[in-house]
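Going left to right, the sequence shown walks through residues 471 to 847 as the working numbering numbers them. Each residue gets a CB set at the ideal place from its N, CA and C atoms; glycine is no exception. Worksheet for the structure shown next.
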Amino acid sequence: MTKIRVGITGQSGFVGSHLFNYLGIQSEIELIPFDKDFFSSESKLQQFADQCEVIVHLAAVNRHENQDELYRINVLLVQQLVTACEAINSRPHIIFSSSTQEMLQNSYGASKLEGNRLLTTWAKKNKSKVTLLTIPNVFGPFGKPFYNSVVATFCHKLTHKEEPSIIEDKEVSLLYVNDLIQAIHEIIKNPVSGEYESIVSHRIPCNKSIRVSEVLKILKYFQLNYLENGVIPSLSDNFHRDLFNTFRCYIPSNHYPVKFKKNTDQRGSFVELARTQSSGQTSFSVTLPGITRGNHFHTRKAERFAVVKGKAKIELRRINTEEVISYELDGENPSYVDMPIWYTHNITNIGSDELFTIFWINEPYNPADPDTYLLTV
């Protein structure tokens, strides 16, 4: 099968890293690595453009103390990309991330409008394909607090014992990052024709229009019930599931492992493993000494590992990063660790006896859509 060669400017940013990770598990895509230093080298940027059939241009400055400088940088990045393509007579399909702010009177929106104009001019001149995406407010795991979105800021503050504040309680249109990258993936695979055949304007719909205060109310509910009391909330609709998975990714690693309350009397002991307002699947495993299970990650599933007998080491690593988080759990003091999405994870029996582990996951296993990707921690 011939693969589509795709490059992502802004590959290390919030949306860029999610898109890079997602496309990396698609069999029909070959990723062309990008580094922000390429914009400082004409030859490197040209070499990058020459290798790509599709370029998703995400590189941009969202916030800057100098609004004129923000505008200048964002427009310059588009100009440099167009110049690099023209210099080597390369005509990749460029997918440009614009914003609903392009209709507002601010420097960021104005820079996106000018980027649209520059790319449209280039596409007409060179008979190249350009897709101009209008994207609402994006939220999701690993967003940078005080920079990417109000959701990221709220999640960071609530998981670090700080009190969020609302500057303006307006209605916001929110789009979950996974839905955005899936939409971009579909455009890469099946580009559509527009008014000029090769120039397409595409508005990505939001998942939810909601007041800022309502978002904070939901996140405070997660803080009180899940973070402080271990109760798994109702995940019956996608928005709450996506907001919950986002919230979980801001919890400091030293929050885990969480010890269960062990009730002991003359009959023995009793431990409540999970109090949940959500359905799902519960299972258990017996693991022999020295054996490791797992080494996979999920993109949407919430999962809990509870060690009730034996000794275990649980390891996690956010994909495409190097830091490994490690926990040791002992069934003598039953405890659990919850797995964030996009973290590959495993569990190893480090004791001399059998290891008994109970697993809870928020959706039953579906072999047609397992959301399980093998990757060694």
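Taking a contact as a CB-CB distance under 8 Å, the pair V620 and S668 does not count as one, their CB atoms being some 36 Å apart. Within its own chain, the residues whose Cβ lies closer than 6 Å to the Cβ of H626, once the five positions on either side in sequence are excluded, are P615, Y720, listed in chain order.
Taken in chain order, the whole beta strand (DSSP E) runs of length 3 or more contained in the stretch 770-799 are 773-779, 781-788. Nearest to E539 by alpha-carbon distance, out of V526, S577, T553, is S577. Excluding sequence positions up to five before and after K582, its CB lies within less than 6 Å of the CB of S568, S569, E572, all in the same chain and listed in chain order. The stretch 497-530 contains, as complete alpha helix (DSSP H) runs of 4+ residues, the segments 512-521 (chain order).
Look at the stretch 627-689 and you find these whole runs of beta strand (DSSP E), each 3 residues long or longer: 641-646, 669-673, 678-681. The way I'd put it, the stretch 504-514 does touch the stretch 471-485; three or more beta-carbon pairs between them come closer than 8 Å. DSSP places V621 within a helical segment (H, G or I) once states are collapsed to three.
Buried is the label assigned to H768, since at least 16 other Cβ atoms lie within 10 Å of its Cβ. Under the three-pair Cβ rule at 8 Å, the stretch 690-707 does not count as touching the stretch 589-599. Membership of S560 in any beta strand (DSSP E) is not indicated, and neither H nor E is assigned to it by DSSP.
Under DSSP, the beta-bridge partners assigned to V756 are F826.
Of the candidates V701, R788, T818, F612, F612 places its Cα closest to the Cα of T716. Closest in C-alpha terms to S635, from the list P675, P837, C676, K690, comes K690. Beyond the five residues adjoining it in sequence on each side, E793 comes within less than 8 Å, by CB distance, of R787 in the same chain, given in chain order. When only Cα atoms are considered, R561 and V531 end up about 25 Å apart. Sequence-distant Cβ neighbours of L799 in its own chain, meaning closer than 6 Å and more than five residues away, are P727, V777, A782, S805.
At a Cβ-Cβ threshold of 9 Å, N765 and N816 count as neighbours.
In terms of CA proximity to L650, I605 leads the group I605, Q496, S497, G780. 9 Å or more divides the Cβ of I789 from the Cβ of F775. In the structure shown, S568 adopts extended strand secondary structure according to DSSP, grouped into three states.
The DSSP assignment places 577-596 as complete runs of the alpha helix (DSSP H) inside the stretch 574-601, in order along the chain (cut-off: 4 residues). Shown here for A772: same chain residues with a beta carbon closer than 6 Å to its own, the five before and five after excluded, namely N832 in chain order.
Counting along the chain, F616 sits inside no beta strand (DSSP E), nor does DSSP assign it H or E at all.
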